[in-house]
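Asker: Sharing a structure here in structure tokens format.
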Amino acid sequence: MLKDQDKKDSEFLIRKINEAKTNGELTSNKPIIVVDGKPKRYHFELKENKLDFYKSDIKKIDILKNDVGIRIYGEFAKKGVVVITTKNLDKEAETSLTSLVKNKNVLIFLDGNEATNDDIQKVDPNDVDTVEVLKKEAAKKL
């Protein structure tokens, strides 16, 4: 299921899913797999394709309880949801933050105060809980 050449590593996620099913965390061994926010259905997107990352790229794996998964992803999630956060997401967040800071038409507030480029450069993307974007008229009202 994973990109690894080593069979043990490539089947790591399958073992993790089977373990979650045995523990009652999942109702099926074919849940939706959400990778960095992008859902992939077992019988469709993953039917003949491996996930495009290695075991070593995984930062965190969470299992969503059925009712939570269904509220977020709809009926497709009735067999369960496995949420994978990769280390690559951290790199993407850092790149996005860096490019945002370089944009001269963006006003950034950090904890309610206007932030300078230096302030933003010191922020660890892993410490950011929420980001709010205000566009056009909503931003002008500030």
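Mapping of the sequence shown onto our numbering: position 15 corresponds to residue 15, and the numbering continues sequentially without gaps. Note that the Cβ used here is the ideal one computed from N, Cα and C, for glycine as well.
1) In three-state terms, what does DSSP make of Arg45?
2) Less than 8 Å between C-beta atoms, sequence neighbours within five positions excluded: which residues of the same chain meet that for Tyr73?
3) Are the CB atoms of Tyr42 and Asp9 within a distance shorter than 8 Å?
4) Between Ile58, Phe76, Ile108 and Gly69, which lies nearest to Lys87 when the distance is taken from Cα to Cα?
5) Quick check: what's the CA-CA separation for Phe12 versus Gly112?
6) Let me check understanding here. Comparing Cα to Cα, which of Ile61, Asn49 and Asn18 lies closest to Asn29?
7) How is Asn23 classed by DSSP in three states: helix, strand or coil?
8) Between the Cα of Gly24 and those of Asp129, Leu46, Ile14 and Ile63, spot the shortest distance and give me the residue it belongs to.
9) Once DSSP output is grouped into helix, strand and coil, what is the label at Pro39?
10) Starting from Lys60, follow the beta strand (DSSP E) in both directions and report where the run begins and ends.
11) Quick one: grab the DSSP three-state call for Leu13.
12) Please classify Val68: does DSSP put it in a helix, a strand, or coil?
13) Taking 8 Å as the threshold (C-beta atoms), are Asp127 and Thr85 in contact?
14) Under three-state DSSP, which class holds Asn126?
Answerer: So, from the listed chains and residues:
1) Residue 45 sits at position 45 when you count from the first residue of the sequence shown. Correcting the residue type first, residue 45 is Glu in the shown sequence and not Arg. Glu45 falls in the coil class under three-state DSSP.
2) Here residue 73 refers to the residue found at position 73 of the sequence shown. Closer than 8 Å at the Cβ level, and outside the excluded window around Tyr73, lie Ile32, Val34, Pro39 and Val81.
3) Sequence index remark: in the sequence shown, residue 9 carries index 9 (1-based). Sequence index remark: in the sequence shown, residue 42 carries index 42 (1-based). Not closer than 8 Å, so no.
4) Numbered from 1 along the sequence shown, position 87 holds the residue referred to as residue 87. Cα-wise, what sits closest to Lys87 is Ile58.
5) Numbered from 1 along the sequence shown, position 12 holds the residue referred to as residue 12. Numbered from 1 along the sequence shown, position 112 holds the residue referred to as residue 112. Going by C-alpha positions, Phe12 is about 43 Å away from Gly112.
6) Here residue 29 refers to the residue found at position 29 when the sequence shown is read from its first residue. That would be Asn18, whose Cα lies nearest to the Cα of Asn29.
7) As a working note, residue 23 is residue 23 in the sequence shown. Looking at Asn23 - three-state DSSP - the assignment turns out to be coil, as it is neither helix nor strand.
8) Counting from 1 along the sequence shown, the entry for residue 24 is found at position 24. If we check each option's Cα against that of Gly24, Ile63 comes out closest.
9) Position 39 of the sequence shown holds residue 39. Here Pro39 sits in strand by DSSP.
10) As a first step, residue 60 must be located in the sequence shown, where it is residue number 60. That run of the beta strand (DSSP E) goes Ile58 to Leu64.
11) Translated into the one-based positions of the sequence shown, residue 13 becomes position 13. Correct three-state label for Leu13: helix.
12) Counted from its first residue, the sequence shown places residue 68 at position 68. Correct three-state label for Val68: helix.
13) The residue labelled residue 85 in the question sits at position 85 within the sequence shown. The residue labelled residue 127 in the question sits at position 127 within the sequence shown. No; because the gap between Cβ atoms is not below 8 Å, this pair is not in contact.
14) Residue mapping note: residue 126 aligns to position 126 of the sequence shown, counting from 1. Of the three classes helix, strand and coil, the one that applies to Asn126 here is helix, per DSSP.
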